Amino acid sequence: MATKTMIVRLQDVTKKKHKLFVQEQTEFAACVNDCVKRLHNGENLSSKNVNFNLKSAIKNEAIRRARKAISDFKKGKAKTLPIFRNSLGVKINNQNWNSIEKNGKWYIAFTSNLGKKSIPVVESEDVKIYFPFLLKENKENRGTMELFRKGREWYIAIPIQVSSELEFKETMKDFVDYTPIGVDLGLRHLAVLSEPTSGKRQFFSGKEVGYKRRHFRSQRCSLGKKKAQRAIERIGKKESRWMKDYNRKSAKDIVDFALQFDRPMMKLEQLDDIRSTCRSLKQADRTIHSWSFYQLKQFIKERALKFNIPVVDINPYKTSQTCFCCKHADKGNRRKEIFKCKKCGYKNHADLNAANNIAISTSLAV
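See below:
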């Protein structure tokens with residue numbers, strides 16, 4: 001089994017639902033922050049002693065998120081205990097959401113402070129393919145869902161376990177006759193592609209994206225807040241359209257690179273690790289970039305599907321710290337864009353080294 005993450009936009013979110021979802025998102029972030037403090041002080045927590053206006057299942061997800069934050073802090077992944085902002089996505093476990101089909105249209109039903117309500121979704125190709133396998137009786141196919149907002153639009157991120165009938169073939173032995181291509185997504189370079197056997201590679205710069213982001217952010221900041229809310233939303237939609245168009249073009253170029261090889265197979269890092277990739281950014285930019293990565297990956301998969309190119313998610317663990325030459329893993333191997341192995345002296349561009357490791361990896365994301 002392998003993991004696939006879908007991003008699905010919700011339709012027909014009324015003003016009332018929007019307001020309640022925003023309140024719940026704010027409450028969830030406050031709950032996680034409170035749990036972080038209490039866990040750090042040694043308290044034992046359960047949904048019974050966490051006093052926030054959230055369903056018990058959502059409280060439990062808040063506790064899990066806080067435990068992960070504490071764990072990251074103790075492992076040195078974070079210098080300080082985090083303070084989560086109100087934009088934090090709300091986690092919903094696999095027992096509390098499912099897909100529903102009504103009159104030929106797909107809906108998502110999930111637990112919230114509104115109860116368990118079903119909301120129509122934008123029917124992308126992924127929705128048509130996978131939603132039939134996410135019905136209430138198919139709990140084993142579902143992972144923990146995340147509800148998040150971008151502007152006034154609401155989305156769900158769904159990691160699902162897919163069988164071989166759905167997602168080409170799921171074990172690496174099934175791909176023995178394919179040509180693996182590693183795809184490393186990042187900030188300085190939007191994507192770095194590598195086919196290690198031939199030595200062919202391609203870099204996609206992230207400079208244009210960075211410039212556009214700063215340009216749109218500058219426009220929003222110059223307008224102020226309350227009085228210019230509509231203008232700010234207008235700029236946000238313009239930015240989203242630009243990013244969507246840019247990601248579609250990039251996905252086409254990325255898949256075109258793969259098409260030059262015989263029986264290509266594309267390997268990408270599982271996107272659960274994107275928040276760590278974007279840690280150096282401000283919270284707002286981190287949310288935008290996380291979304292952009294998800295969108296780009298979806299477009300790559302859609303484009304690859306047209307040419308019957310399999311795309312698999314790879315476990316990202318230490319792909320950027322491991323030497324492609326001798327396999328020695330060390331955090332000190334990488335210094336910004338330079339990778340130099342402390343053991344064998346191998347030197348390369350850091351993102352290219354990561355793309356090479358992704359290409360040869362046999363560790364599927366779980």
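Going by full-length UniProt numbering, the sequence shown opens with residue 1, and the numbers climb by one from there. Beta carbons: idealized from backbone N, C-alpha and C, even for Gly. In this text the structure is predicted, and so the values were computed from the model without any measurement.
Under the criterion of beta carbons closer than 8 Å, THR179 and MET265 qualify as touching, at roughly 7 Å. Sorting LEU114, LYS340, VAL36 and ILE108 by C-alpha distance to the C-alpha of VAL121 places ILE108 at the top. In terms of Cβ geometry, VAL209 and LEU190 form a close pair [threshold 8 Å]. In the pairwise beta carbon analysis, the segment 8-24 is classified as touching the segment 149-158: at least three pairs are separated by under 8 Å. Counting only residues of its own chain and dropping the five nearest sequence neighbours on each side, LEU352 has a CB closer than 7 Å to the CB of VAL192, SER194 and ARG201. An exposed status is given to ASP330, since fewer than 16 other beta-carbon atoms sit within 10 Å of its beta-carbon. Of the candidates LEU135, ALA251 and SER56, ALA251 places its Cα closest to the Cα of PHE203. When secondary structure is reduced to three states using DSSP, LYS136 falls in the coil class, being assigned neither helix nor strand.
In this structure, the straight-line span from the alpha carbon of ILE360 to that of GLY182 is close to 8 Å. Counting every other CB atom within 10 Å of its CB across the protein chains shown gives ASN308 a total below 16, marking it as exposed. Boundaries of the alpha helix (DSSP H) around PHE28: 15-40. LYS200 sits in a strand when the DSSP states are folded into three classes. Residue environment analysis places TYR155 among the buried positions, since at least 16 neighbouring C-beta atoms fall within 10 angstroms of its C-beta. CA-to-CA, the gap between LYS244 and LYS212 works out to about 13 Å. Non-local C-beta neighbours of ILE158 in its own chain, meaning closer than 6 Å and more than five positions away in sequence, comprise MET6 and MET145, ordered along the chain.
Contact annotation: LEU81 and ALA69 have beta-carbon atoms nearer than 8 Å. Three or more Cβ pairs drawn from the segment 87-107 and the segment 24-38 lie within less than 8 Å of each other, which places the two stretches in contact. In the DSSP annotation of this structure, the continuous segment of the beta strand (DSSP E) that includes ASN98 starts and ends at 97-102. With contacts defined as CB atoms closer than 8 Å, LEU10 and ILE119 qualify as a contacting pair. The straight-line gap separating the alpha-carbon atoms of PHE52 and ASP12 is approximately 28 Å. In the structure shown, the three-state DSSP call for TYR155 is strand. Under the three-state reduction of DSSP, SER71 is assigned to helix. Relative to the Cα of ARG217, the nearest Cα in the group GLY199, LYS238 and SER205 belongs to LYS238. Looking at the DSSP output, LEU114 shares a beta bridge with no other residue.
By the criterion of a C-beta distance shorter than 6 Å, LYS347 is surrounded in its chain by LYS340, once the five residues flanking it on both sides are discounted. Taking all protein chains in view, the Cβ of ILE358 is crowded by 16 or more other Cβ atoms within 10 Å, so the residue is classified as buried. Excluding sequence positions up to five before and after HIS328, its CB lies within less than 8 Å of the CB of THR322, CYS341, LYS342, LYS343 and CYS344, all in the same chain and listed in chain order.
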